[in-house]
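Each remark here refers to the structure printed beneath this line.
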Amino acid sequence: MPVSGWKIDEAERAALLERFPPAWPHAVADHITLDAHARADDPLPAARAARIVGSIDDGEGLQAMVVAIDGTTDRPDGSTYHITWSLDRARGRKPIESNDVIARLGWRPFDDPLPIPIIPARF
């Protein structure tokens, strides 16, 4: 089943990974999910204003950046817009766990949110 959302441009991704070094061995940092259960014929989401507004590292192998899309961090499904930033696959961590980590632990806001360009995509 396809996922819809926004991709992070490769050049922008490289710059972001320099600014926010991955805490865990496997850097992901490539997309923001809008709909994890999209249909193949669903239209792509519109281009939106996005800002990295905070982060979470659970200390057990998963790090995520929280993103505001058009001023909100709330996804339509009730979870939080985020970018899975890095994880430790040797510990069995998976990107999908970011949703649970954010719900369970919350996240730390940044003093200065960072605008980022995003590209509507299906992946």
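When we follow the numbering used here, the leftmost residue of the sequence shown carries the number 54, and every step to the right adds one.
For every residue, glycine included, the Cβ atom is placed at its ideal position computed from N, Cα and C.
When the Cα atoms are used, residue 169 and residue 114 turn out to be separated by approximately 25 angstroms. Every unbroken stretch of the alpha helix (DSSP H) spanning 4 or more residues and falling wholly within the segment 62-118 is given here in chain order: 63-72.
Within the segment 115-142, the complete beta strand (DSSP E) segments of 3 residues or longer fall at 115-122 and 135-140, listed in chain order.
By the Cβ-count criterion, residue 61 is buried, with 16 or more other Cβ atoms from all chains shown falling within 10 Å of its own Cβ. The C-alpha of residue 142 is placed about 32 angstroms away from the C-alpha of residue 124.
Residue 155 carries a helical assignment under DSSP once its states are collapsed to helix, strand and coil.
A contact is defined here as three or more CB-CB pairs under 8 angstroms, and the segment 148-159 fails this definition with respect to the segment 94-104. Rounded to whole angstroms, the separation of the alpha carbons of residue 138 and residue 77 is 9 angstroms. In the three-state DSSP reduction, residue 161 falls in the strand class (E or B).
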